[in-house]
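This report concerns only the one structure given below.
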Amino acid sequence: MIARIEWTRHRRDSNSSEITRCGYHVTLSVLAVCLCWIAYSFGRDLASGAVAWVDDLWVVATVVFGVVIWRSAVLIRTRFERLEPEFLLTGVSTRVAAVGLLLFVTARAFAALAAPTIGVAVGLALGLRSPTVAVTIVVAVTGLVTLAVTLGATGRLAILFVGRRLVQGGRYRDLLVVFGWIPLLVAVLVLRELSVSVLVPFAWLDGLPVAWFVDLALLGANDPATVDPWHGLSALGTVLVGVPLFAGETAALARRIWETEPVDKTAACGSKSLLAEGRLGRWLTDHVSRPTLTVARARWLTERRVPRGVLSTGYVFLFAAVILLPVFSIAGLPLLLLIGMCLGLAAGIVPSVDPIGVEYRTLPLLLTTVDGRQFVGGLFLSALGIGLPLVTMVVLPLGLASAAGIAETVGVVLVGVAVCACTAAVCVATGMDADRDEFVPVPFFFTDVPVYAQTGSVSFVRLGAVFAIVSLVTLPAVLGNAPPVYEAAGATGLSMGAVRLGSLLLTVLVAAGVSRIAFRTAVRRFRTYRL
Numbered sequence: 208m209i210a211r212i213e214w215t216r217h218r219r220d221s222n223s224s225e226i227t228r229c230g231y232h233v234t235l236s237v238l239a240v241c242l243c244w245i246a247y248s249f250g251r252d253l254a255s256g257a258v259a260w261v262d263d264l265w266v267v268a269t270v271v272f273g274v275v276i277w278r279s280a281v282l283i284r285t286r287f288e289r290l291e292p293e294f295l296l297t298g299v300s301t302r303v304a305a306v307g308l309l310l311f312v313t314a315r316a317f318a319a320l321a322a323p324t325i326g327v328a329v330g331l332a333l334g335l336r337s338p339t340v341a342v343t344i345v346v347a348v349t350g351l352v353t354l355a356v357t358l359g360a361t362g363r364l365a366i367l368f369v370g371r372r373l374v375q376g377g378r379y380r381d382l383l384v385v386f387g388w389i390p391l392l393v394a395v396l397v398l399r400e401l402s403v404s405v406l407v408p409f410a411w412l413d414g415l416p417v418a419w420f421v422d423l424a425l426l427g428a429n430d431p432a433t434v435d436p437w438h439g440l441s442a443l444g445t446v447l448v449g450v451p452l453f454a455g456e457t458a459a460l461a462r463r464i465w466e467t468e469p470v471d472k473t474a475a476c477g478s479k480s481l482l483a484e485g486r487l488g489r490w491l492t493d494h495v496s497r498p499t500l501t502v503a504r505a506r507w508l509t510e511r512r513v514p515r516g517v518l519s520t521g522y523v524f525l526f527a528a529v530i531l532l533p534v535f536s537i538a539g540l541p542l543l544l545l546i547g548m549c550l551g552l553a554a555g556i557v558p559s560v561d562p563i564g565v566e567y568r569t570l571p572l573l574l575t576t577v578d579g580r581q582f583v584g585g586l587f588l589s590a591l592g593i594g595l596p597l598v599t600m601v602v603l604p605l606g607l608a609s610a611a612g613i614a615e616t617v618g619v620v621l622v623g624v625a626v627c628a629c630t631a632a633v634c635v636a637t638g639m640d641a642d643r644d645e646f647v648p649v650p651f652f653f654t655d656v657p658v659y660a661q662t663g664s665v666s667f668v669r670l671g672a673v674f675a676i677v678s679l680v681t682l683p684a685v686l687g688n689a690p691p692v693y694e695a696a697g698a699t700g701l702s703m704g705a706v707r708l709g710s711l712l713l714t715v716l717v718a719a720g721v722s723r724i725a726f727r728t729a730v731r732r733f734r735t736y737r738l
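208 is the number of the first residue of the sequence shown in the numbering used here; add one for each residue after it.
Structure, rendered in structure tokens:
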């Protein structure tokens, strides 16, 4: 009954038209036909002994197993949080509710994989001319999917339980979700540089139970040269033992979560005065107004409690890894310049990204008490307070330790600081153009308090525009440090070092000009902002 209720709710919430559902089924049918043809060709070659990559089918099984685990974990989390245990548990037991939810997730997985599985089974049976292989394929896929669903549900509820019991557990989990892809990307780049296949470090997976399902699927082929019957029977035994074990653990975790008092994952922190003079105030009190310093101090405090801007730097790393790093490698540009640009871009984004969303709750107060120049200047100052020491402490030692000279290192430091200022000004200028009515409360990392943000792709497009503008600003430095450019200038009698240093200084001037224009635009939009 629980599974049927969840399935009905899913069909109602999907709110898809008949055309959309028809297109989905047509896509699955086309995929099943394509897989049937591929499986038929594979089976025919396998029967003739012309297939050499049967031993690599564990990769396919591992990918399917991992995808099903991930999708089931996402679905179990979504559906689990929508249940109302205070009403549900008055009519059914905890075990019935958990198993019913698990059956719903399993049915969803089977509904998505039924057509491709049938296509592969029919094609391979025709290619091998063995009807029994179709049965063993269906049995193997059924066991693999059931095991993956129960394992994904158990793992996701375990993470949810730990996150509710431990304040730091939720923080570490969110850090892993946001920045966990960076070590993987670095590992892939290192393997490519060492000319090592990406699959080599994972070759040990060939001996795990997931690979045994390949032997179970091909058990009906009656080919002892390519199939280990004991591995197939071991896979079947793993399903018979693992599925009840994980299902029982899922029910136990659900009971622990529902029957224990959840702990808020938002860490407690004391209040701090935004009007205190502080170290920054003692340094800048004669040069910067007190409202500007208060805005900068408030932005730093908000960022420390909810690191919204820090998490946005993940897009900077992605932009640098996917676009900037290949361009710099192909053009032979110095990596020191790339480091300075990326640090400046990241430091400029941290305090200035999405100013309307960050100040959503206090925006009416800001518009009536703070001048536009003070508000934008406070965000600008907070960005420089992060970017100036960060760029200097990272780029200066790297430059002095590398082959770059002192002048060139100082030039890269200036470029990084200029990029930081330009990024902050452009970010605030583009962010102040957002309508407050478009912001809605959404859940966020590291806190149970919802933040306000625009839904859809609007914020991503705005951030992409910032990246594009800053990239154009740094174009003189990129061109001036490209070997073909400064070598061609050296052939005309100009000093190559002067060309490279001049391009850096030209970038600083361009960044200053763009920052000034963006600053004025942001101030004007703040003064004319309407709620």
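By construction, the Cβ of each residue, glycine as well, lies at the ideal position given by its N, Cα and C atoms.
{"Item": "Helix, strand or coil at residue 649 according to DSSP, with G and I counted as helix", "Value": "strand"}
{"Item": "Residue-level contact to chain C via CB, residue 520, 8 angstroms cutoff", "Value": "Protein chains in the displayed structure number just one, and chain C is not present."}
{"Item": "Which of helix, strand or coil DSSP assigns to residue 660", "Value": "strand"}
{"Item": "Rounded C-alpha distance that separates residue 281 from residue 244", "Value": "32 angstroms"}
{"Item": "N-terminal and C-terminal residue of the alpha helix (DSSP H) that residue 684 is part of", "Value": "682 to 687"}
{"Item": "CA-to-CA distance, residue 539 to residue 480, given in whole angstroms", "Value": "Confidence is the limiting factor: at residue 480 the pLDDT is only 49, short of 50, which leaves the residue's position unreliable, though a coordinate-based value still follows. Distance between the alpha carbons of residue 480 and residue 539 is about 49 angstroms."}
{"Item": "Residues of its chain near residue 636, where Cβ-Cβ distance is below 8 angstroms and the 5 sequence neighbours each way are ignored", "Value": "725, 726, 728, 729 and 732"}
{"Item": "Three CB pairs or more closer than 8 angstroms across the segment 444 to 454 and the segment 349 to 356", "Value": "yes"}
{"Item": "DSSP state of residue 553 mapped onto helix, strand, coil", "Value": "helix"}
{"Item": "Through-space distance from residue 553 to residue 602, alpha-carbon basis", "Value": "14 angstroms"}
{"Item": "The alpha helix (DSSP H) enclosing residue 289, as first and last residue numbers", "Value": "264 to 289"}
{"Item": "Where the alpha helix (DSSP H) through residue 464 begins and ends", "Value": "436 to 466"}
{"Item": "Residue from 696, 566, 625 and 600 whose Cα sits closest to the Cα of residue 642", "Value": "566"}
{"Item": "Integer Cβ distance of residue 558 from residue 530, believed to fall under 8 angstroms", "Value": "24 angstroms between Cβ atoms; not a contact."}
{"Item": "Rounded separation between residue 472 and residue 303 - CA only", "Value": "Unreliable positioning characterises residue 472 in this predicted model, as indicated by a pLDDT of 45, which lies under 50. The coordinate reading is nonetheless provided below. Their backbone Cα atoms lie some 29 angstroms apart in a straight line."}
{"Item": "For residue 694, three-class secondary structure by DSSP", "Value": "helix"}
{"Item": "Of the residues 339, 318 and 735, the one placed nearest residue 328, counting alpha carbons only", "Value": "339"}
{"Item": "Simplified DSSP state of residue 495, which is helix, strand or coil", "Value": "coil"}
{"Item": "Buried or exposed (CB count within 10 angstroms, at least 16 for buried), residue 600", "Value": "exposed"}
{"Item": "C-alpha distance - residue 555 paired with residue 572, whole-angstrom precision", "Value": "25 angstroms"}
{"Item": "Three CB pairs or more closer than 8 angstroms across the segment 303 to 318 and the segment 284 to 291", "Value": "yes"}
{"Item": "Burial state of residue 561 (16 or more Cβ within 10 Å)", "Value": "buried"}
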